[in-house]
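Participant:
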């Protein structure tokens, strides 16, 4: 990513030319918000910001070429200045939630508690705080699936998974339904001598086996692919799974979804995309007798643009379900973990994503006595959702769509800060 | 006798086309004037963010939605008279015609329009150094709104597919047994240069085509209903100011594509 710059820009450095509207000036003063600045880092922008209209227009035209960075100043927003969640919106949303799918359950939960007055929640360090956004975006088929399972195995182990299906959605859906249960089972089997890498590798293999057996045995389906072989064999999914323990982050990845840790403002990828042209993957595929053909990007046998996946029976043994597992010790500098499908990563760099997420987190540092409605952590049905994380996941999703992502976009943001 | 009937039918259809054509031209002019009103309302609220009274926006939105409803009512009336002219609209440019679905705009484009406009407003704000959290425009879509839009999009896609399938069946029925049988009978007759039985066949052709036209009218109606339903659903998800921004984007796109198409057709 060219042109990333991170720094502190004081109010005095703000070019006054870009603020033509008196209303906005007034609002900014009134709100006394320390600004969040997204600066284009092309030389001309830094040297002499052109008038607003030009900036806007060029921005639109050169969307792909201008890489922006987020410059975050002091972000301790006064609570009363935070985005006001309008009660009428919430009411409407709840009506909608009642008839909508389980994917909006989390939102429903948060609506409910908002409507009930302010809930004072004492932050439990082991409690999971996260935000999830998953949208169809500019595609006509939804093949992403997200699973968030706080306390999925004991109180202090939390599970987050993003699955990006291809061919059809059924493998991704199956992963969403089953992966955490399999992982739980493996973790319990491991007992005291649990080896995370082994447990996760076994889990992925079991998941893959289940998918294969299920497709073979299933007779009724309302999938797009209608489970007709051989098409059904050509269905698979990425899987990026994070298990967060009190002292570790265990990320297991298969495919081109990605997990990124934000630690002290730095984006640290915890997974490495499985692309067919990654030198070690290319060697592995060719050793197994497969070929990588460049046809609209590097593809295994000219078909699949990733080198590992759950499912995709017909591409075995070139495409394998074996995950790469990283185990990272948590530190007090850790801010958040972002898991997302390539709908985000194709258009937003790790660094930008990290900055956007930490900006949202730090702008809403929960300060219990001042907590405003709509900002509280809601807990219902064993799932909790957090406003700041939710803002982060939604903003990242909107940014992906703004940057013309043409894919489904799924983003999970997990708050890793302690001692709030 | 036979040629006369044809001439009368053509004249009749032309009248209907001309009627709708002139209606459409004046409808577009009104769309343009609505666009001016929307734009000035938006800039008024944008510059005076202390305005809390949305009632002017509400009535403006109501007016603009009513204007779209007028269009579909006129279209539906026109289709009753002559559904085929609605499927080969002389009032649209070839560019608009090429982009159309069921003789109109594809309903899911509303969601894409929303995402595109929202993205442009979000990105513009990021370069403008405005606090990210509040502007009241489409860049501000909340998590609730995004979820609702996503739900809506999936629902519209399903309904679009249903209607597309219906049109597919209808188009396939162009070769159903009745059509093939009649086409053969008339061809045989032409070969033998027979006149007897001609009237009978004309009658059968007319009634067979009538069922096709009725089916087309139904599909057209389904398409138009989904368009209107989509528009209203999107507006319901948005705040009044956001709705105004959306209607501005929709009108601008509509009018400019028409202009671009006209320029191209003139060359």
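Chains as they are written, first to last, in my numbering: chain A, 70 to 489; chain B, 103 to 369. In this text, a Cβ means the ideal position worked out from N, Cα and C, and glycines have one as well.
1. Would you give the residue range spanned by the alpha helix (DSSP H) that residue 427/A belongs to?
2. Residue 458/A by DSSP, collapsed to three states: which one?
3. Any Cβ of chain B within less than 9 Å of the Cβ of residue 136/A?
4. By the 10 Å Cβ neighbour count, where 16 or more other Cβ atoms means buried, how is residue 357/A classified, buried or exposed?
5. Between which two residues does the beta strand (DSSP E) containing residue 200/A stretch?
6. Find the nearest neighbour of residue 286/A within the set 302/A, 274/A, 273/A and 271/A, judged by alpha-carbon distance.
7. Out of curiosity, what's the CA-to-CA distance linking residue 184/B and residue 240/A?
8. Around the C-beta of residue 316/A, are 16 or more other C-beta atoms found within 10 angstroms, so that it is buried, or is it exposed?
9. Which residues of chain B have a Cβ atom closer than 8 Å to the Cβ of residue 467/A, listed in chain order?
10. Can you list, in chain order, the residues of its chain with a C-beta nearer than 8 Å to that of residue 365/B? Leave out the 5 residues immediately preceding and following it.
11. Ignoring anything shorter than 4 residues, give me the alpha helix (DSSP H) runs that lie fully in the segment 279 to 357 of chain B, in order along the chain.
12. Report yes or no: is there a C-beta of chain A within less than 9 Å of the C-beta of residue 293/B?
13. If I'm right that residue 269/B touches residue 339/B with Cβ under 8 Å, what's the distance once you round it to whole angstroms?
14. Does DSSP put residue 360/B in a helix, in a strand, or in coil?
15. Is residue 163/B close to chain A? Criterion is C-beta to C-beta, closer than 9 Å.
16. How would you call residue 341/B, buried or exposed, if buried means at least 16 neighbouring beta carbons within 10 angstroms?
17. Is there a C-beta anywhere in chain B that falls below 9 Å from the one on residue 242/A?
18. Return no unless some Cβ of chain A is closer than 9 Å to the Cβ of residue 217/B.
19. Check for me: the beta strand (DSSP E) holding residue 268/B runs from which residue to which?
20. DSSP beta-bridge partners for residue 230/A?
21. In whole angstroms, give me the CA-to-CA distance for residue 335/A and residue 470/A.
22. Is the Cβ of residue 210/B closer than 9 Å to any Cβ of chain A?
23. Curious, which full-length beta strand (DSSP E) runs of at least 3 residues does the segment 308 to 349 of chain A contain?
24. In or out: residue 260/B buried (at least 16 other Cβ within 10 Å) or exposed?
25. Ignore the nearest five residues each way along the sequence and tell me which others in residue 250/B's own chain have a CB closer than 6 Å to its CB.
26. Shortest alpha-carbon distance to residue 336/B belongs to which of 307/B, 358/B, 252/B and 305/B?
27. Report back the beta-carbon spacing between residue 421/A and residue 458/A to the nearest angstrom; my notes put them in contact at under 8 Å.
28. Cβ closer than 7 Å: which chain A residues qualify as neighbours of residue 155/B?
29. Who are the near neighbours of residue 355/B in its chain, counting only those whose CB is closer than 7 Å to its CB and skipping five residues on each side?
30. Quick check on this structure: which residue in 228/A, 395/A and 402/A has the alpha carbon closest to the alpha carbon of residue 267/A?
31. Counting pairs of beta carbons, one from the segment 323 to 330 of chain A and one from the segment 340 to 359 of chain A, are three or more of them closer than 8 Å?
32. So, at 8 Å on beta carbons, what are the nonlocal neighbours of residue 283/A in its own chain, with the 5 sequence-adjacent residues on each side left out?
33. Taking three-plus beta-carbon pairs below 8 Å as touching, is the segment 193 to 210 of chain A in contact with the segment 462 to 481 of chain A?
34. For residue 237/A, does the three-state DSSP call read helix, strand or coil?
35. Give the single residue among 246/A, 423/A, 369/A and 365/A whose Cα lies nearest to the Cα of residue 332/A.
Facilitator: Put simply:
1. Here the alpha helix (DSSP H) through residue 427/A covers 419 to 432.
2. Note: residue 458/A maps to helix in three-state DSSP.
3. Unreliable positioning characterises residue 136/A in this predicted model, as indicated by a pLDDT of 39, which lies under 50. A coordinate reading is not provided.
4. Burial call: exposed.
5. Following the DSSP letters along the chain, one finds residue 200/A inside the beta strand (DSSP E) bounded by residues 199 to 204.
6. Ranked by Cα distance from residue 286/A, the first of 302/A, 274/A, 273/A and 271/A is 302/A.
7. Roughly 48 Å separates the two Cα atoms.
8. Residue environment for residue 316/A: exposed (fewer than 16 other C-beta atoms within 10 angstroms of its C-beta).
9. Neighbours of residue 467/A on chain B, chain order: 220, 221, 224, 241, 243 and 248.
10. Taken in chain order, the list of residues that qualify is empty.
11. The segment 279 to 357 of chain B contains these whole alpha helix (DSSP H) runs: 279 to 294 and 300 to 339.
12. Not an interface residue.
13. Contact flag wrong, Cβ pair sits at about 28 Å.
14. DSSP places residue 360/B within a helical segment (H, G or I) once states are collapsed to three.
15. Output row for residue 163/B: interface = no.
16. Around the Cβ of residue 341/B, a 10 Å sphere holds 16 or more other Cβ atoms; the residue is buried.
17. Cβ-Cβ to chain B under 9 Å: no for residue 242/A.
18. Yes, residue 217/B counts as interfacial toward chain A.
19. Note, residue 268/B: premise wrong, no beta strand (DSSP E); alpha helix (DSSP H) at 245 to 274.
20. Answer by DSSP bridge pairing, in chain order: 216/A and 310/A.
21. CA-to-CA, the gap between residue 335/A and residue 470/A works out to about 24 Å.
22. By this cut-off, residue 210/B is an interface position.
23. You should have 308 to 313, 317 to 323, 327 to 332 and 335 to 338.
24. Result: exposed.
25. For residue 250/B, where only same-chain residues beyond five positions count, the Cβ hits under 6 Å are 339.
26. Per the Cα distances, 252/B.
27. About 17 Å; that fails the 8 Å criterion.
28. The premise fails here: residue 155/B is roughly 15 Å from chain A at the closest Cβ pair, so nothing lies under 7 Å.
29. These residues qualify, in order along the chain: 215.
30. Nearest C-alpha to residue 267/A among 228/A, 395/A and 402/A: 395/A.
31. With a cut-off of 8 Å, the segment 340 to 359 of chain A and the segment 323 to 330 of chain A count as touching, because enough Cβ pairs lie within range.
32. The residues 243, in chain order, have a CB closer than 8 Å to that of residue 283/A in the same chain once the five nearest residues on each side in sequence are set aside.
33. A contact is defined here as three or more CB-CB pairs under 8 Å, and the segment 193 to 210 of chain A meets this definition with respect to the segment 462 to 481 of chain A.
34. Coil.
35. Checked all of 246/A, 423/A, 369/A and 365/A; the closest Cα to residue 332/A is 423/A.
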